[in-house]
Every structure is written in C-alpha cells, then in structure tokens.
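A.B. asks:
Residue numbers (the numbering used here): 4 to 215.
(1) Go ahead and pull the three-state DSSP assignment for residue 40.
(2) So what does residue 92 bridge to, in DSSP terms?
(3) Looking at residue 49 and the ligand FMN, is the gap between the Cβ and the nearest heavy atom below 7 Å?
(4) How should residue 240 be labelled, buried or exposed, when 16 other C-beta atoms within 10 angstroms of its C-beta is the threshold for buried?
(5) Residue 133 lies in the beta strand (DSSP E); which residues open and close that run?
(6) Taking 8 Å as the cut-off, decide whether the C-beta atoms of residue 84 and residue 78 are in contact.
(7) Compute the Euclidean distance between the alpha carbons of residue 149 and residue 209, then round it to the nearest angstrom.
(8) Run through DSSP, which three-state label would residue 4 get?
(9) Please determine, among 56, 10, 32, the residue with the shortest C-alpha to C-alpha distance to residue 20.
(10) Taking only the alpha-carbon atoms, compute the straight-line gap between residue 215 and residue 185 and give it to the nearest angstrom.
(11) From 60, 28, 40, pick the residue whose C-alpha is nearest to that of residue 50; which is it?
(12) Roughly how many whole angstroms lie between the Cα atoms of residue 192 and residue 94?
(13) With a CB to CB cut of under 8 Å and the five nearest residues on each side skipped, what residues in its chain are close to residue 52?
(14) Would you please state the rounded distance, in angstroms, between the beta carbons of residue 153 and residue 123? I believe it to be under 8 Å.
(15) How far does the alpha helix (DSSP H) with residue 203 in it extend, from its first residue to its last?
(16) Quick one: what's got a C-beta closer than 6 Å to residue 133's C-beta in the same chain, skipping five residues either side?
(17) Between the C-alpha atoms of residue 117 and residue 25, what's the straight-line distance to the nearest angstrom?
(18) By the DSSP assignment, the alpha helix (DSSP H) with residue 54 in it spans what residues?
(19) Could you spell out where the alpha helix (DSSP H) holding residue 193 opens and where it closes?
(20) Could you please give the first and the last residue of the uninterrupted beta strand (DSSP E) stretch that includes residue 152?
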C-alpha cells in the first residue's frame, strides 16, 4: 500500500499570497504553510486551501473589496462613511496593525449586514450626528445594531475596557467623570493619582498652578 506523497508548496503563488515554508500542523493534524501577502503581512494557510486556491490574501483583499464595492452611494467623503470604513478595517484587515490587534485579533466581528454601507446606514443612519462617535455597549461584544449606539466622546471614553473606576465619597467614577465635575484636566488628575501617588481628595481639590 503506497502512501500519499506530500506536496511541497514552497514558492507557490495564490492570489496575493506567496508560500514561504511549512509551518507545522494544526490541532487536527492538517499541514499548515506560512505565506507572505503582497500587502506585507504574513498568514498561516492550510494545504487544502492552497491546493483548492481558497485563500487569496491575508484578509486585506476581502476588506478592500468590501470597501470598494461600497463606493457608489455618493457618501465616500462623509464622516459617517469614514466611521464605517474604520470599523470594517480594524475588525477584518490584519494589516491595520494595533487597531486589528485590539479588535479583529481579539475576536470582535462586524455584523454581516454591516459589511455593506447601505446595511450600516439602514440600522444606524437615522440617529447619527457629526458630534457623535460609534460606541459598543459591551466593549467585548461585536459591532451589531443591538450592541452599538452613537454617543458623545466622553461617554465612549468612560466605556473603554481598560478604564479605571475610583471610589469617591461612596460613588464609583472614572477619571473623565471626575475631571469634568471638579474642573481638573484629565491628564493632571491621572498624573496626580497614578504617578505622584496623591490621595483622591488632594488630587481633586489642590489648585492648579499657573506658570507664567
């Protein structure tokens, strides 16, 4: 009984990908290959996907195609269109650097309906204002109609997953909340508490020195 000969895909081109070398096996025993995308990003592709030419890029081609197909509505240069593009890029484009690491790589996805700008506008267009920003209610949840809203920047700042809450006179508050209430710049308040080690009361009430 003859064994199946393993194919060496090194150097093979599929779409925007060039196979560099074998990269071990996945948990099911399938052979994986390290590939270099024309955009500069590297990605892992299974042998079967190379053989059947199912993989064409690291993901950037799909994202760029999505954006390109949505540029026929006359709103390409509007702020809300930029918000939509940025949302799709940070969730679907591995070449987006830190933005992708904080969203797509972390498992944050965009609702399939929102992969078209028209679908996004249908759900979110009526409540949009230029002074607002797109915010996810659950910071670990996906971009969906149920989990998204338009809010002022301060509200979104309070909703960041790495924001710190402080107990002040029996009430939980964030640095932006306290800065607004006590009229102390957020950067100054943060430095007083976390860098200089001041007490909360002193950080909130100490007069700000004005330098000539």
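Glycine included, C-beta positions come from ideal geometry on N, C-alpha and C.
C.D. replies: Answer, in terms of the structure:
(1) Your numbering for residue 40 matches position 37 in the chain shown. Correct three-state label for residue 40: strand.
(2) As a first step, residue 92 must be located in the chain shown, where it is residue number 89. Residue 92 pairs with nothing; no bridge assigned.
(3) With respect to the ligand FMN, the structure offers nothing, as it holds no ligand at all.
(4) Within the shown structure, residues of the chain are numbered from 4 to 215, placing residue 240 beyond reach of any answer.
(5) Translated into the one-based positions of the chain shown, residue 133 becomes position 130. First-last for residue 133: undefined, no H or E at that position.
(6) Sequence index remark: in the chain shown, residue 84 carries index 81 (1-based). Sequence index remark: in the chain shown, residue 78 carries index 75 (1-based). In this structure, residue 78 lies closer than 8 Å to residue 84 by Cβ.
(7) Stepping through the chain shown from its first residue, residue 149 is reached at position 146. Stepping through the chain shown from its first residue, residue 209 is reached at position 206. Distance between the alpha carbons of residue 149 and residue 209 is about 43 Å.
(8) Indexing the chain shown from 1 puts residue 4 at position 1. Per-residue confidence for residue 4 stands at a pLDDT of 46, beneath the threshold of 50, marking its modelled position as unreliable; the derived number appears in the next sentence. Correct three-state label for residue 4: coil.
(9) The sequence position of residue 20 within the chain shown is 17, counting from 1. It is 56.
(10) For this step, residue 215 is matched to residue 212 along the chain shown. For this step, residue 185 is matched to residue 182 along the chain shown. Note that residue 215 scores a pLDDT of 45, beneath 50, so its modelled location is shaky; the value from the coordinates is reported in the next line. Whole-angstrom Cα-Cα distance: 23 Å.
(11) The sequence position of residue 50 within the chain shown is 47, counting from 1. Residue 28 is the option with its Cα nearest to residue 50.
(12) Taking the chain shown and counting its residues from 1, one reaches residue 192 at position 189. Taking the chain shown and counting its residues from 1, one reaches residue 94 at position 91. Going by the C-alpha atoms only, they are around 33 Å apart.
(13) Within the chain shown, the letter at position 49 stands for residue 52. Closer than 8 Å at the Cβ level, and outside the excluded window around residue 52, lie 58.
(14) Here residue 153 refers to the residue found at position 150 when the chain shown is read from its first residue. Here residue 123 refers to the residue found at position 120 when the chain shown is read from its first residue. Not really, about 12 Å apart at Cβ, beyond 8 Å.
(15) Numbered from 1 along the chain shown, position 200 holds the residue referred to as residue 203. Looking at the DSSP string, the run of the alpha helix (DSSP H) that includes residue 203 is 203-208.
(16) Position 130 of the chain shown, counting from 1, holds the residue named residue 133. Counting only Cβ-Cβ distances below 6 Å, and skipping sequence neighbours, we find 82.
(17) Indexing the chain shown from 1 puts residue 117 at position 114. Indexing the chain shown from 1 puts residue 25 at position 22. For residue 117 and residue 25, the distance between alpha carbons rounds to 36 Å.
(18) Numbered from its first residue, the chain shown carries residue 54 at position 51. Per DSSP, residue 54 belongs to the alpha helix (DSSP H) from 50-54.
(19) Here residue 193 corresponds to residue number 190 of the chain shown, with the count starting at 1. Run containing residue 193: 189-193, per the alpha helix (DSSP H) assignment.
(20) In the chain shown, the residue the question calls residue 152 occupies position 149. Start and end: 151-154.
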